[in-house]
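Input: a single structure, listed below in structure tokens.
Numbering (the numbering used here), first residue to last: 86 to 349.
Laid out in structure tokens, this is it:
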């Protein structure tokens, strides 16, 4: 079957849902789509096009999101609860798609409970869908939820650099949690991803200053860089003095020769 016929079928399905008010958990037209067929999406253009491109969206994902967006735009008040019911019975792939493109829905805040529930999972694709390269957590999670996500991403050894808006969502409690977690790892003679320290710079206290000293003295160059970058954004005089003691690293920070991408 030609893809145009499938797309026409999906469009007709949307019309039927809007007319009947019934959202089925199985849509035959979606079953006809090859999940491995990627969209030929330009990397430039609208924000939505860029988002789909960056997430390597395929036709099946687009079909699922297209249906949800259109029925919610048709009658948000009526269909919001029905979409929630569908998500409760979604399989792993369907839930991954929903979370990954949740931000594209006309009322993404209505499904915050789904996003927060995803933080509890040990299924990596589900956790990655909400936590990595996704603007939703930074926009809608409170500090407790954000901190939980960040710590779990580190615990699961995910790519922390793929978490969006880390600097904006940094907070004092998270800085404390990071320090506590680091102490536990050090006590067990286990390493810590240097990037993990990124949120602490604005919240330096005596405990974190001792952590920075340890990083500066580390034989791991990336840990030294993490300490320098953290102290560089701090308003704490002791942190500034600590950076001044490490002249070469300070110069590299000032000359923009090192940044958080350096320690990924």
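Using N, Cα and C, we set each Cβ at its ideal position, and we do this for glycine too. Since the model is a prediction, treat every value here as computed from it, not as a measurement.
Of the residues 195, 186, 238 and 328, the one placed nearest residue 206, counting alpha carbons only: Ranked by Cα distance from residue 206, the options 195, 186, 238 and 328 are led by 238.
Three-way DSSP call (helix, strand, coil) for residue 365 in this model: In the structure displayed, the chain extends from 86 to 349; residue 365 sits before or after that span and is not available.
Residue from 252, 303, 338 and 133 whose Cα sits closest to the Cα of residue 277: Relative to the Cα of residue 277, the nearest Cα in the group 252, 303, 338 and 133 belongs to 303.
Reduced DSSP secondary structure (H/G/I, E/B, other) of residue 358: Coverage of the chain is limited to positions 86 through 349, which leaves residue 358 absent and any answer about it impossible.
Alpha-carbon to alpha-carbon, residue 203 and residue 179: 13 angstroms
Of the listed residues 135, 240 and 142, nearest to residue 183 (C-alpha basis): If we check each option's Cα against that of residue 183, 142 comes out closest.
Buried or exposed by the 16-neighbour rule on C-beta atoms within 10 Å, applied to residue 86: Per-residue confidence for residue 86 stands at a pLDDT of 43, beneath the threshold of 50, marking its modelled position as unreliable; the derived number appears in the next sentence. It is exposed - the Cβ of residue 86 has fewer than 16 other Cβ atoms within 10 Å.
Backbone CA spacing between residue 281 and residue 263 [nearest angstrom]: Each residue's Cα considered, the two are about 8 angstroms apart.
N-terminal and C-terminal residue of the alpha helix (DSSP H) that residue 162 is part of: 161-173
Buried versus exposed, by CB contacts within 10 Å (16 or more), residue 283: Here residue 283 is buried: its Cβ has 16 or more other Cβ atoms, across all protein chains shown, within 10 Å.
Contact check, residue 196 vs residue 169, beta carbons under 9 angstroms: yes
Residue from 290, 291 and 339 whose Cα sits closest to the Cα of residue 313: Residue 339 is the option with its Cα nearest to residue 313.
Secondary structure of residue 193, DSSP reduced to three states: helix
Opening and closing residue of the alpha helix (DSSP H) in which residue 271 lies: 257-272
Residue from 322, 325, 306 and 326 with nearest C-alpha to residue 345: 306
Residue environment, residue 214, which counts as buried when at least 16 other CB atoms sit within 10 Å: buried
Nearest-angstrom Cα separation, counted from residue 220 out to residue 157: 20 angstroms
CA nearest to the CA of residue 198, picked from 331, 299, 271 and 227: 227
Residue 315 in three-state terms, based on DSSP: helix
Cβ pair residue 258, residue 211 closer than 9 angstroms: no
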